[in-house]
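S.K.:
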Amino acid sequence: MSNVTMEATTMLPILKKKLAFLSGGKDRRSGLILTIPLSSDQTSMEELSTTLNYLLSIPSQKCKARGFTVIVDGRKSQWNIVKTVVLMLQNVIPAEVSLVCVVKPDEFWDKKVTHFCFWKEKDRLGFEVILVSANKLTRYIEPCQLTDDFGGSLDYDHNDWLNKRLVFEKFTRESTSLLNELTVINDGDKGGALDKDKSADCGLLPSMDPETVLQTGHELLSELQQRRFNGSEGGGGQGGPAWCPMEEELLAQPQVMKLLDSLREQYTRYQELCRQRNKRTQLDEIHAKVMQVVTWLQGPGSELLKTQQAIGDSTRAAQALQQKHEEIESQHSEWFAVYVELNQQIAALLGAGEEEEVAELKALQQQLSDVCYQQAAQLEGRQHVLLAAQGFHGSTQELSQQLDGLLGMLCADVAPADGASIQQNLKLLEEKLQIVEAGLAALRQKGGLLMEQMSTVPPPWPPEEAEQSPTGEQRDSAQHVETVMEELQLRKQRCEDMVDVRRLKMLQMVQLFKCEEDALQSVEWLGELLDALLKTHVRLGDDSQETRTMLDKHRKFVDVAQSTYDYGRQLLQATVVLCQSLRCTTRSSGDTLPRLNRLWKQFSVSGEERQHRLELALDFHAAGERVLLQECADSESLDEVDSSGKTLLDRLTLPVIFPDGTEQYFGSPGDTAAAAEAVRERLLLVEERRLQLQEAELHDDEEEEEEEAGALDGKEARLDVIGEELSEKEEEEEGGQQDEDLERATQDC
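No gaps in the numbering here: position 116 of the sequence shown is 129 in the working numbering, and each next residue is one more.
(1) Sort 647, 507, 463, 688 by Cα distance to residue 627 and report the nearest one.
(2) Which runs of the alpha helix (DSSP H) fall wholly inside the segment 428-459 and span at least 4 residues, in chain order?
(3) Taking residue 114 as part of the beta strand (DSSP E), name the residues at either end of that continuous run.
(4) Let me make sure I understand the geometry here. Which of 239, 360, 198 has the alpha-carbon closest to that of residue 283?
(5) Just the C-alpha distance for residue 196 and residue 114, rounded to the nearest angstrom, thanks.
(6) Here's the rule: buried if 16 or more other CB atoms are within 10 angstroms of the residue's CB, otherwise exposed. What is residue 338?
(7) Residue range of the alpha helix (DSSP H) that residue 570 falls in?
(8) Taking buried to mean at least 16 other C-beta atoms within 10 Å of its own C-beta, is residue 352 buried or exposed?
(9) DSSP three-state call for residue 141: helix, strand or coil?
(10) Could you please give the first and the last residue of the uninterrupted alpha helix (DSSP H) stretch that includes residue 181?
(11) Does the segment 180-194 come into contact with the segment 52-72, if we say contact requires no fewer than three beta-carbon pairs (one atom in each stretch) closer than 8 Å?
(12) Quick one: residues in its chain with C-beta nearer than 6 Å to the C-beta of residue 455, no 5 flanking neighbours on either side, listed in chain order?
(13) Is it buried or exposed, residue 392, if we count other Cβ atoms within 10 angstroms and call 16 or more buried?
(14) Within 8 Å, do at least three Cβ pairs link the segment 619-633 to the segment 557-571?
(15) Taking residue 38 as part of the beta strand (DSSP E), name the residues at either end of that continuous run.
(16) For a test of the three-state rule: what should DSSP assign to residue 398, helix, strand or coil?
(17) Going by the DSSP bridge assignment, what does residue 670 pair with across the sheet?
(18) When you compare only the Cα positions, how much space is there between residue 110 and residue 43?
(19) Does residue 86 come out as helix, strand or coil in the three-state DSSP assignment?
(20) Apply the 10 Å Cβ neighbour rule to residue 84 and answer buried if 16 or more other Cβ atoms are within range, or exposed otherwise.
(21) Throw me the rounded Cβ distance for the residue 580 and residue 535 pair, which I believe falls under 8 Å.
(22) For the segment 654-666 and the segment 602-611, state whether three or more C-beta atom pairs, one from each stretch, are separated by less than 8 Å.
(23) Tell me, please, which residues DSSP counts as bridged to residue 50.
(24) Quick one: using the 10 Å Cβ neighbour count with 16 as the cut-off for buried, is residue 58 buried or exposed?
(25) Taking residue 329 as part of the alpha helix (DSSP H), name the residues at either end of that continuous run.
(26) Should residue 221 go down as buried or exposed, given a rule of 16 or more other Cβ atoms within 10 Å for buried?
(27) Inspect the beta-carbon positions of residue 318 and residue 362 and report whether they are closer than 9 Å.
(28) In this structure, does DSSP put residue 167 in helix, strand or coil?
(29) Looking only at C-alpha atoms, which of 277, 331, 358, 321 sits nearest to residue 291?
(30) Bridge partners for residue 45 per DSSP, in chain order?
(31) What are the partner residues of residue 160, as DSSP defines its beta bridges?
(32) Which of helix, strand or coil does DSSP assign to residue 28?
(33) For residue 623 versus residue 567, is the C-beta spacing smaller than 9 Å?
(34) Who are the near neighbours of residue 498 in its chain, counting only those whose CB is closer than 8 Å to its CB and skipping five residues on each side?
(35) State the start and end residues of the unbroken alpha helix (DSSP H) segment that holds residue 621.
(36) For residue 646, name the three-state secondary structure that DSSP assigns.
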C-alpha cells in the first residue's frame, strides 16, 4: 500500500500494539530484519496484516530489493499460530522475503513435525523457513543487528519510532498543503502587479505559518541525520557491519529534504511578493509622512521660534524663557522622532529598491534631512543662547552680591581684639577681593560667550530671508549685556580703592599688635632669663678651669639678656610711633615698659652678684691650686687661700638685694650647700697641705738629731772592728809559730 493513503495516524491503536516492527537491523546480505513478536494472547491476523502492509510501505525500493529476513518469535505462542503467520507472509510479502527465522521455545514443539511441514511447503512459499532457538539465532544474524530480546545489542524503542513517524507524516501532510497554497498565491501574482490600494490581507496569507512548518521540517531532518550519523559511528560492536538506526526512515530523509527545498523556494517567492507589496505601500506612507513633517517644521515650528528672541534681564526671566523653549523643543521632539523613524525606513528601503524608487527615496530623504537639520540647528542655537544668558545673569547676580558683601565689610569699623583677628580680617578682605576679581573675569567671559552665541545662532526663518539684519530685540539684548558689564566694572574699581586704604590701616594695626606681642614676649624672655639665673646658676666650679668656663658662659648669658632688653625697648618705641599714626592708644604702653625696666634692674643686680661670686671662686681656686702644686708653700699663701675661701662661703649665704628692697637667694638651700661643699673640700685640701708642711718641718729636725747620734755610734763600731781584726791577726801568728815548731820536731826525729 502507498504511504499516501496509509498513515500512522489512522492506525495508531494497531501500531501501538507492536505486532511487528522494523528494528533497523540487517542480515548478512544487508537485507532489513522484520520482527514479528507473537504473544501468548490470540493475535489478530487482520491487524498483523495491516501492520505489515504499513511497515513494508516505508523502505525504499532499493532496500526491498535486497530482501527481508523475518524473525517470527514464537516462544510465547502456539505452533498453529506461528504456522498461520508464516503462511500469511506468502500473501503479504512473497517477493520481498528471503528468509524466515522462527524462534521456537525450548523442547516445546515436535521438531520433526514442524521441520517437515516447512520443508514440504518451501517451493510453494517462495522463501526458506528455519526453526532456530534464540541462542542460535546469531548463526544467521550478527548479534549487533539483533535486539536485546534475542540476546543482541541493537537498541530499539518502538514508542520513539512511532512518535517520529507521526511527526514525519504530519510534516509531509502540512508541508504539501502549504506548498500548494504558496504555489497558488505566487502564480496568481505572475500576471502583473496588484493594485496599490490592495493591502496584503488574507488573500496573501497561507492557512499555516511557513516558518513553523519549516522549523518542524528542519528539526525532523536534523533528527534523522543525527540518528543515522550516531548509528554509523556506534555500529559494529562485535566486529559486524555498521548498524544504521531507523533504516526504514532512509526513505523519509530524502523526501523531507525534497519537501523542504520546494517549500523554501515557494516561501522565498512568497516573501519577495510580500516585500514588494509592502515596499509599494511603504513608499506612499513615507512620502505622506515626510511632507507632513516638512510642512509642520517650516510652518508652525518656525513661527514658534520667531517669537523667542529675548534673553531676559535676570536669572528668573531667563529661566522662564528656558521653560518656554523646552515646551517648544518638546513639540519639535515629537516630529524629530517621526523623522528618525522615517529615516530608518528609507534607509531600509534604499538597499533593496529599484532605480526609480531609490531616486525618489533619496530625494525625500534629502528634503527631510535638510528641513530637520535646519530646525534642529535653530533649536540648538536658541538653547545655547538661553544657557549662556542664564550663566551671564547668574554671574551678574553673584558678582553683585559679592560686591555688596565687600562694600559692607569695608564700611564696618575695624576694632579687632588682637593681631590674629586683624590678620584674619585682612585675609578675608583679600579673599573677597580675589573672589570679586574672579567673578568679574567670569562675567566678562560669559558675556562675551552670550554675545557670540546671539550673533551666530541660525535665523528662525526660511533661508531666503536669512540676509536680513538682526532684530531690535537682539540689539537691545546686546546693549544690555555691555551696560551690565560696565556698571559692575565701575563698582569693582571703587571697591578696590577702598580696599587699598583699608589694607594699609590693617597692616599698621597688625604691625602694632605684633610689636606689642613681641614686647610682651621680650619681657617674658627676660623674666625667664632672670629666673634661670637665680634658680640654676648656682655652681661655682670644682677648679679654676671650670670656673673660668662658667664665667665666660655667664658673660654671654648677660649679653643675651642685654639684647632681649634692648629689643623690648625698641619694640615699645615702635608701638608708640604706630599708635600716633593710627591715632589710638596701645594697651601695653603703660605696663610693659615698667615691667621691662624692673626685670632688667633685677637681672643686672643678680648678674653682677653672680659674676662677683664667680670671680671670687676663680681667685680662690687659682690660689688653692698654686698652693697645692708648690712643694714649699709659705704660711702666708695658705692663710691667703683660707681667707679667700671663707670670704666666698660667707658670700654664698647672702641674698641678692633688688633695687625695690626685695631679696632673692641663688638656687635652693641644697644647691647653695652643694656649691659651698666644693669650696670646703678645697679648703680641706689646703688645710691638709698646711699639716703636711708642718709635719715635714718636724721630720727634718728629727733627722738632724739622728744623724749626730749615728756618727758617734759609727766611731765606736769602727773601733770595735779594728780590735776584732787585731785579735784575729794575733791568733793567726800564734798558729803559724806552732806549725813551725811541729815541723821542726818532725825533722829531728
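Glycine residues also receive a C-beta, built at the ideal position from the N, C-alpha and C atoms.
It should be emphasised that the depicted structure is a prediction, and the values quoted were computed from it without experimental measurement.
M.R.: Judging by the given coordinates:
(1) For the purposes of this step, residue 627 is taken as residue 614 along the sequence shown, with counting starting at 1. Of the candidates 647, 507, 463, 688, the one whose C-alpha sits nearest the C-alpha of residue 627 is 688.
(2) Runs of the alpha helix (DSSP H) inside the segment 428-459: none found.
(3) As a working note, residue 114 is residue 101 in the sequence shown. Run containing residue 114: 110-116, per the beta strand (DSSP E) assignment.
(4) The residue labelled residue 283 in the question sits at position 270 within the sequence shown. For residue 283, the closest C-alpha among the options 239, 360, 198 is that of 198.
(5) Sequence index remark: in the sequence shown, residue 196 carries index 183 (1-based). Sequence index remark: in the sequence shown, residue 114 carries index 101 (1-based). The straight-line gap from Cα to Cα measures roughly 50 Å.
(6) Sequence index remark: in the sequence shown, residue 338 carries index 325 (1-based). Residue 338 is buried by the Cβ-count criterion.
(7) Start at 1 with the first residue of the sequence shown, and residue 570 comes out as number 557. Run containing residue 570: 557-595, per the alpha helix (DSSP H) assignment.
(8) By 1-based counting over the sequence shown, the position of residue 352 is 339. When all chains shown are included, residue 352 counts as buried.
(9) Here residue 141 corresponds to residue number 128 of the sequence shown, with the count starting at 1. If DSSP states are grouped into helix, strand and coil, residue 141 belongs with the strands.
(10) In the sequence shown, the residue the question calls residue 181 occupies position 168. In the DSSP assignment, residue 181 falls within the alpha helix (DSSP H) that extends over 171-201.
(11) Between the segment 180-194 and the segment 52-72, the count of Cβ pairs shorter than 8 Å is below three; the stretches do not touch.
(12) Taking the sequence shown and counting its residues from 1, one reaches residue 455 at position 442. 408.
(13) What you label residue 392 is simply residue 379 of the sequence shown in a count that begins at 1. Buried, by the Cβ-count rule.
(14) Touching, yes, given that three or more Cβ pairs across the two stretches are closer than 8 Å.
(15) The count along the sequence shown starts at 1 and reaches residue 38 at position 25. Under the DSSP assignment, residue 38 falls in the beta strand (DSSP E) whose first and last residues are 34-39.
(16) To locate residue 398, count along the sequence shown from 1; it is residue 385. Residue state, collapsed to three classes: helix.
(17) Working through the sequence shown from its first residue, we reach residue 670 at position 657. Residue 670 is bridged to 676.
(18) Your numbering for residue 110 matches position 97 in the sequence shown. Your numbering for residue 43 matches position 30 in the sequence shown. When rounded, the distance between both Cα atoms is 13 Å.
(19) Translated into the one-based positions of the sequence shown, residue 86 becomes position 73. Here residue 86 sits in strand by DSSP.
(20) As a working note, residue 84 is residue 71 in the sequence shown. Counting the other CB atoms within 10 Å of its CB gives residue 84 a total of 16 or more, which places it among the buried residues.
(21) Start at 1 with the first residue of the sequence shown, and residue 580 comes out as number 567. Start at 1 with the first residue of the sequence shown, and residue 535 comes out as number 522. Taking a contact as a CB-CB distance under 8 Å, the pair residue 580 and residue 535 counts as one, their CB atoms being some 5 Å apart.
(22) These segments do not touch.
(23) In the sequence shown, counting from the first residue as 1, residue 50 sits at position 37. Its beta-bridge partners are 86.
(24) Position 45 of the sequence shown, counting from 1, holds the residue named residue 58. Burial call: exposed.
(25) What you label residue 329 is simply residue 316 of the sequence shown in a count that begins at 1. If you look at residue 329, you'll find it in the alpha helix (DSSP H) that goes 328-363.
(26) If you number the sequence shown from 1, residue 221 lands on position 208. By the Cβ-count criterion, residue 221 is exposed, with fewer than 16 other Cβ atoms from all chains shown falling within 10 Å of its own Cβ.
(27) Residue numbering aside, residue 318 sits at position 305 when the sequence shown is read from its first letter. Residue numbering aside, residue 362 sits at position 349 when the sequence shown is read from its first letter. No, these two residues do not count as a Cβ contact at 9 Å.
(28) Within the sequence shown, numbered from 1, the residue matching residue 167 stands at position 154. In the three-state DSSP reduction, residue 167 falls in the strand class (E or B).
(29) As a first step, residue 291 must be located in the sequence shown, where it is residue number 278. Check the Cα spacing between residue 291 and each of 277, 331, 358, 321: the tightest is with 358.
(30) Walking along the sequence shown from the start, residue 45 turns up at place 32. In the DSSP assignment, residue 45 is bridged to 39, 81.
(31) The sequence position of residue 160 within the sequence shown is 147, counting from 1. In the DSSP output, where bridge partners are listed per residue, residue 160 has 167.
(32) The count along the sequence shown starts at 1 and reaches residue 28 at position 15. In the structure shown, residue 28 falls within a helical segment according to DSSP collapsed to helix, strand and coil.
(33) By one-based count along the sequence shown, residue 623 stands at place 610. By one-based count along the sequence shown, residue 567 stands at place 554. Result yes, Cβ atoms of residue 623 and residue 567 sit closer than 9 Å.
(34) Start at 1 with the first residue of the sequence shown, and residue 498 comes out as number 485. If we look at residue 498 and ignore the five residues flanking it on each side, its Cβ neighbours are 456, 457, 460.
(35) What you label residue 621 is simply residue 608 of the sequence shown in a count that begins at 1. Segment 605-642, the alpha helix (DSSP H) holding residue 621.
(36) Residue mapping note: residue 646 aligns to position 633 of the sequence shown, counting from 1. Annotated three-state conformation of residue 646 is coil, per DSSP.
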